[in-house]
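Once you know that position 76 of the sequence shown is 1476 in our numbering, the rest is easy, because the numbers rise by one and skip nothing. Where is the CB? At the ideal position from N, CA and C, for every residue including glycine. Small disclaimer: the values here were computed from a predicted structure and weren't measured. What follows is a single structure, written as structure tokens, with notes after it.
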Amino acid sequence: MDRLIAQYGLALVFANVLLEQLGLPIPAIPALVVAGALSAEGEFSPLAAFGVAFVACMMGDAAWYLAGRRYGRRVMKLLCRVSLSPDSCVRQAEFRFERWGKLTLVLSKFIPGLSTIAPPLAGATRLGWPSFLLFNGAGVVIWAGAAIAAGMLFHAQINEFIVRLEGLGTLAAEAIGVLLGGYIALKWWERRRFYKTLRIARIGVDELRALIKGDKRPVVVDVRSSSARDLDPRFVPGALAMDIAEVDRRLEELPSEREIIFYCTCPNEASAAQVAKKLIGLGYTKVRPLHGGLDAWIAAGYEVEHREQDRK
């Protein structure tokens, strides 16, 4: 990698960082560390290496921020669907944003799966452009600066390690390719295992509406995050607003003899399915997630309630 960076210079660093921030599984930290090591040996200025990394990262993040601001949750749901890491689901990002606020943009650079989804979430929540630039920029400074500084500090050891790799010839490149392929395969397997745990009978929107209009009205529960409800204050009529963390202490509102329907706006109804399976584990037998979630209900043209954020 040091030969590539030395030969093609900062353009390779720029491309690597930009592609990673746009969502490709191409870690930029190794390139930044090697760039730092080469900077310490006079190949190019460390400030130049930091500058191209900063610009590339901000460009990628700004693109996602603007996409989130324009298209809202649709962008985040797309990222969650194509992500190799199920823990990078929109729900997880929303939880951290609710907990850390703007600091999420700073910390996200160091949390796998969150770095790409934090900028569009900031845009979707209408975080101001100046605040985005300030906090995201601070995160990029720490992230890129730390990697380049580490490369400069340990440049002798890094160069020795790379020389040994080069001594292995094509075997080293093949080993790196196997490791990268193994990493992607592991993430794919984790994704499959995650969604396999969500396999559970679902209810369609037509059947749910028939139940609501019938004699035995079901208990309908909205398990979206509070930030998701802020973004879209529409509810299935009569639905309870309940955070996932509240389910255990609000079981008295969920009588086991009635049909209980959970819905969310996650891809594959992930949050709703998780809660439904949890209640089944507690002995409930009439629990189902809503297939397609709130989006499917709205797309079907059924009535909705508009509410202010529920602070309960």
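Hey, how far is the Cα of Arg1470 from the Cα of Trp1529?
Their backbone Cα atoms lie some 13 Å apart in a straight line.
DSSP state of Ala1641, grouped into three classes?
In this structure, Ala1641 counts as strand in the three-state DSSP scheme.
Pick helix, strand or coil for Cys1499, following the three-state DSSP scheme.
The amino acid occupying residue 1499 in the given sequence is Arg; Cys does not appear at that position. Looking at Arg1499 - three-state DSSP - the assignment turns out to be helix.
Helix, strand or coil for Asp1632? Go by DSSP, reduced to three states.
Residue state, collapsed to three classes: coil.
Determine, using beta-carbon pairs with one atom in the stretch 1649-1656 and one in the stretch 1601-1614, whether at least three such pairs fall under 8 Å.
No, the stretch 1649-1656 is not in contact with the stretch 1601-1614.
Which residues mark the beginning and the end of the beta strand (DSSP E) in which Arg1688 is found?
Its beta strand (DSSP E) spans residues 1687-1689.
As an exercise, report each continuous alpha helix (DSSP H) stretch of at least 4 residues that is fully enclosed by the stretch 1528-1555, in chain order.
The qualifying runs are 1529-1553.
Within a Cβ cutoff of 6 Å, which residues of the same chain sit near Trp1543, ignoring the five residues on either side of it in sequence?
The answer, listed in chain order, is Lys1509.
Helix, strand or coil for Cys1664? Go by DSSP, reduced to three states.
Cys1664: coil per DSSP, three-state reduction.
Consult DSSP for Asp1606 and reduce its assignment to one of helix, strand or coil.
Correct three-state label for Asp1606: helix.
Would you call Glu1657 buried or exposed, if buried means 16 or more other Cβ atoms sit within 10 Å of its Cβ?
Classification of Glu1657: exposed, given that the 10 Å Cβ count is below 16.
Using a Cβ-Cβ cut-off of 6 Å (strictly less than) and excluding sequence neighbours within five positions of Ala1696, which residues of its own chain qualify?
Cβ neighbours of Ala1696 beyond the five flanking positions: Val1605.
With a threshold of 8 Å on Cβ separation, who are the neighbours of Pro1427 within its own chain once the five nearest residues in sequence on each side are excluded?
Closer than 8 Å at the Cβ level, and outside the excluded window around Pro1427, lie Glu1420.
Taking the alpha carbon of Tyr1663 as the point to measure from, which residue in Gly1683, Glu1443, Ala1435, Phe1635 has its own alpha carbon closest?
That would be Phe1635, whose Cα lies nearest to the Cα of Tyr1663.
What's the gap between the Cα of Ala1641 and the Cα of Cys1666?
The alpha-carbon atoms of Ala1641 and Cys1666 are separated by roughly 16 Å.
By how many angstroms is the C-alpha of Ala1449 removed from the C-alpha of His1555?
Distance between the alpha carbons of His1555 and Ala1449: 15 Å.
How about Ser1671 and Met1552: are their beta carbons less than 8 Å apart?
No, the Cβ-Cβ distance between Ser1671 and Met1552 is not below 8 Å.
Just curious, the alpha helix (DSSP H) that Asp1461 is in, first and last residue?
Counting along the chain, the alpha helix (DSSP H) containing Asp1461 begins and ends at 1446-1471.
Three or more C-beta pairs under 8 Å: does that hold for the stretch 1429-1443 against the stretch 1616-1631?
Counting Cβ pairs under 8 Å, fewer than three are found: no touch.
Could you tell me the boundaries of the alpha helix (DSSP H) in which Val1619 lies?
Run containing Val1619: none in the alpha helix (DSSP H); it sits in the beta strand (DSSP E), 1619-1622.
Could you give the DSSP three-state label for Glu1646: helix, strand or coil?
Of the three classes helix, strand and coil, the one that applies to Glu1646 here is helix, per DSSP.
Is there contact between the stretch 1461-1479 and the stretch 1515-1530, where contact requires at least three CB pairs shorter than 8 Å?
A contact exists between the stretch 1461-1479 and the stretch 1515-1530.
Could you give the distance in angstroms between the alpha-carbon of Val1578 and the alpha-carbon of Gln1492?
If I take the Cα positions, the gap works out to 30 Å.
According to the Cβ coordinates, are Gly1468 and Pro1520 closer than 8 Å?
A contact, by the Cβ cut-off of 8 Å.
Name the DSSP bridge partner or partners of Glu1705?
The partner list for Glu1705 (beta bridge, DSSP) reads Phe1635.
Could you name the residues of the same chain whose beta carbon sits closer than 6 Å to that of Trp1464, not counting the 5 residues immediately before and after it, in chain order?
Taken in chain order, the residues that qualify are Pro1519, Pro1520.
In angstroms with no decimal places, state the Cα-to-Cα distance between Arg1376 and Phe1495.
Look at the range of the chain in this structure, 1401 to 1712, and you will see that residue 1376 is not part of it.
Apply the 10 Å Cβ neighbour rule to Arg1624 and answer buried if 16 or more other Cβ atoms are within range, or exposed otherwise.
Counting Cβ neighbours within 10 Å, Arg1624 comes out buried, since at least 16 surround it.
Is it true that the CB of Val1541 sits closer than 8 Å to the CB of Met1444?
First, the residue type needs correcting, since residue 1444 is Phe and not Met in the sequence shown. Contact: no.
In terms of residue numbering, what span does the alpha helix (DSSP H) encompassing Asp1695 cover?
Taken as a continuous stretch (DSSP letters only), the alpha helix (DSSP H) holding Asp1695 covers 1693-1699.
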